[in-house]
Amino acid sequence: MLDTFVAQLILQERQIAYAIADQALRLEQIGGRLDLFESAGVCTAVGASLLDLARELIGYEDQVQALLAGTLSSFQVAMVNRENAAGELFYVTLHNYAYRRDNGAVTGILHIIEDVTLTGKNNQHLTQQRNELFLLYEQLRRANLKLEAANAELRALDALKSKFVSIAAHELRTPLASILGYIDFIFNDPIRTLHPDHQASVDVIGKSANRLLAITNNLLDVTRIEAGYVELTLGSVDLGKIVEEIASHFRPEFEQKQHTFRIEKEPRLPYALCDEARTMQIFSNLLSNAIKYTPDHGRVTVSLRYNPQKDVIIAAVTDTGIGIPAADLQNIGKNFFRASNVHLSRSNGTGLGLNITRSLVELQGGRMWIESTLGQGSTFYLTFPIDDGIFSA
Ligand code: ADP
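Written as structure tokens, this is what we have:
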């Protein structure tokens, strides 16, 4: 037999109350936290009906009868909500057992009521959180679907733009080639010499047509690079010779701006493994920029060194020009981007050249990076893989 003190302690600590009813469901004993019963405003007096004490048992008559008949040992009604005197909701679970006095025949029902408000509230909170999470997940899923659709649309538009640019550039090249051909013919006509008044005008037409051709070629290159259609013919290339040749093409520009130009090359520089025509284009872009973005009487230097640790050639094109604002450095090389100080150079440009340059360097297995100090100058570094065992003289 359980000690009375222990029994009371359990009833209080575990937030439970109990009632014992006879075969006619009349209450014989009642104890524990009676407020769990009373809050429902029911009669807790001995002799009252168990069904009045726990109205939630109405509807469970079959189970109640089975308990009384001894064919069912217990059943419970979980998470019943009740209201206390202050009008607050609380949750109880009703446990019902076949009650056997001295382990003999069933004499009635032991009804235990347990306060499970905390568990109930936690469950409710969890369900609420689960619903909110599900809602968020749904919103996210829908947003993702929209984003995917928008991305697909953007990709389609981008492809359309590239196609348009590529067709337009191709179409422009044919009339441009004929303009340049006729200008060449006019300049080099062995029979008629150009009237001096017209010489300068035709010269301007020629320069403008060449510039237009360079822009259309750049646009074509950008679309080719974006589409992954650049074909490289790799071979052994003497970078020193390439730089000398490109620099000689720019001699008029160097002279016009009175820049000094120097090549600093290691005596026995390995050959690079790269595409010669594309490497010429790379140095042509960088030298053209160095001249363009350096005020008169500047200095332009190209240095070529072998880095044995990385087994690459590092080319550096340095100028004493306007430099690039630090905030713009990370955007240099993005399509159509021109630095905020570009107006200082009073030069034309499209912001395509460095994107092409960087892409070509990377396609050849190299890297490009820039160091620049505003107002003092810039250095564009490039790396080229070497062609093993071949050295320039
Ligand atoms: P473009 O010269 O046609 O504008 P680029 O792609 O070659 O296009 O260059 C992008 C931008 O980077 C230029 O507009 C300029 O602002 C900056 N830039 C490039 N080279 C230099 C340089 N050597 N010195 C200072 N700024 C430069």
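Just so we're aligned: 391 in this note's numbering is position 391 of the sequence shown, and the numbers increase by one with no gaps anywhere. Backbone N, C-alpha and C define an ideal beta-carbon position, used for all residues, glycine too. Since the model is a prediction, treat every value here as computed from it, not as a measurement.
Phe250 and Leu304: beta carbons closer than 8 Å? no
Here's a check: name, in chain order, each residue in its chain whose Cβ is nearer than 8 Å to the Cβ of Ser74, leaving out the five neighbours to either side. Leu67, His95, Asn96, Tyr97, Ala98
The ligand ADP heavy atom lying under 7 Å from the CB of Phe337: yes
Going along the chain, which residues of its own chain have a beta-carbon closer than 7 Å to the beta-carbon of Phe37, five neighbours each way excluded? Ala17, Thr44, Leu53, Ile113
Given Pro325 as reference, the closest of Gln376, Gln309, Leu354, Asn285 once Cα atoms are compared: Gln376
Assuming Ile109 contacts Leu50 (C-beta within less than 8 Å), just tell me the rounded distance between them. 6 Å
Just grab the DSSP bridge partners of Tyr97 for me. Ser74, Leu110
I'd like to confirm the pairing. Which residues does DSSP put opposite Arg224 in its beta bridges? BP columns for Arg224 are empty, so no partner.
Locate the alpha helix (DSSP H) running through Asn285, then write down its first and last residues. 276-292
Ile282: beta carbon under 7 Å from a heavy atom of the ligand ADP? no
Unbroken alpha helix (DSSP H) run spanning Asp52, endpoints: 50-53
Would Met368 and Phe384 qualify as a contact pair, given that the criterion is a beta-carbon distance under 8 Å? no
Specify whether the region 290-310 and the region 261-269 touch according to this definition: at least 3 beta carbon pairs, one from each stretch, less than 8 Å apart. yes
Close beta carbons around Ile246, own chain, < 8 Å, minus the five adjacent residues each side: Met280, Phe283, Ser284, Leu287
On the three-state DSSP scale, how would you describe Pro385? strand
Near the ligand ADP: Ser378 beta-carbon under 7 Å from a heavy atom: yes
Limits of the unbroken beta strand (DSSP E) element including Ala137: The identity of residue 137 in the sequence shown is Tyr, whereas the question assumes Ala. Tyr137 -> not in any beta strand (DSSP E); alpha helix (DSSP H) instead, spanning 117-188.
Straight-line Cα distance separating Ile191 from Gly181: 17 Å
Ile10: which of Gly32, Ile20, Leu25 sits nearest, CA to CA? Gly32
Determine the direct distance from the alpha carbon of Glu56 to that of Leu89, and round the result to whole angstroms. 16 Å
Apart from the five residues just before and just after Ala315, which ones in its own chain have a Cβ nearer than 6 Å to its Cβ? Leu304, Leu382
Measuring only the C-alpha atoms, how far is Asp3 from Ala69? 30 Å
Rounded distance between the beta-carbons of Val46 and Ile58, thought under 8 Å: In fact, because the Cβ distance is near 21 Å, the residues do not count as touching under 8 Å.
Are the Cβ atoms of Gly235 and Glu171 separated by less than 8 Å? no
When the distance is taken between beta carbons, is Val230 closer than 8 Å to Leu352? no
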